[in-house]
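S.K.: In case it helps, the working numbering puts the sequence shown at residues 901 to 985.
Beta carbons are placed, not taken as given, at the ideal position from N, Cα and C, and that holds for glycine.
Since the model is a prediction, treat every value here as computed from it, not as a measurement.
Shown below is the structure under consideration.
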Amino acid sequence: MNRSWESLIETRQHQNLTLSEGLEILLQAEKLDREQRRFDRLHKNAKFRYQASIEELRLDTARGIDKLLIANLSTGDYIKKGQSI
């Protein structure tokens with residue numbers, strides 16, 4: 901939250917905001933920061949053997965991987981909807 905406030909002061913945007921707009925920006929920044937720290941902590945504690953990403957997948961037709969399916973899975977919507985894969 902402090903970084904967001906300092907950023908607003910440096911860019912002098914805090915003068916153009918109402919109190920509620922300023923609070924909203926600061927609270928959103930705090931929420932995003934907490935979510936990121938939580939993700940980082942969970943990722944570190946998971947102790948994955950390999951670092952991998954969607955971009956590194958080889959989507960050769962010989963492997964039989966459906967590009968559209970991978971693209972849909974990468975959005976994570978199935979998690980929000982509670983669907984199994």
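At what residues does the alpha helix (DSSP H) containing residue 969 begin and finish?
M.R.: Element bounds for residue 969: 967-975.
S.K.: If you run the structure through DSSP and keep just helix, strand and coil, what is residue 981?
M.R.: Helix.
S.K.: Anyone know if the C-beta pair for residue 973 and residue 985 falls short of 8 Å?
M.R.: A contact, by the Cβ cut-off of 8 Å.
S.K.: Would you mind reading off the limits of the alpha helix (DSSP H) that contains residue 922?
M.R.: Residues 919-946.
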